[in-house]
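All residue numbers for the sequence shown refer to our numbering, where the first residue is 206 and numbers rise by one. This report concerns only the one structure given below.
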Amino acid sequence: MKRQTILSFFFFIILLFVVIGCQKDKDCIEDIDANCVCTEEYNPVVGCNGKIYSNLCHAECAGVSTIN
Numbered sequence: 206m207k208r209q210t211i212l213s214f215f216f217f218i219i220l221l222f223v224v225i226g227c228q229k230d231k232d233c234i235e236d237i238d239a240n241c242v243c244t245e246e247y248n249p250v251v252g253c254n255g256k257i258y259s260n261l262c263h264a265e266c267a268g269v270s271t272i273n
């Protein structure tokens, strides 16, 4: 009985981390702005999705918040 309780607890904790992790990804990306206009200046930024954008404007137009 004790072993089953411990296993259930660990399963719950793992499930909780998965749910929280998925929620963070949704907060990272917003709607794409189709009317957005950016310069072609090369000043790379990393988006919260791990992709590199040529500048902050391109990332924001893609609806992605940046890490740096």
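Glycine residues also receive a C-beta, built at the ideal position from the N, C-alpha and C atoms.
Open item on the list: With three or more C-beta pairs closer than 8 Å as the rule, is the region 212-219 touching the region 237-257?
Closed with: no
Task: Member of 206, 264, 250 whose CA lies at the smallest distance from the CA of residue 237 - done: 264
Open item on the list: Looking at the secondary structure, which residues open and close the alpha helix (DSSP H) in which residue 265 lies?
Closed with: 261-266
Task: Inter-residue CB distance, residue 234 and residue 254 (contact presumed, cutoff 8 Å) - done: 6 Å
Task: Best match in 232, 272, 262 for proximity to residue 239 [C-alpha to C-alpha] - done: 262
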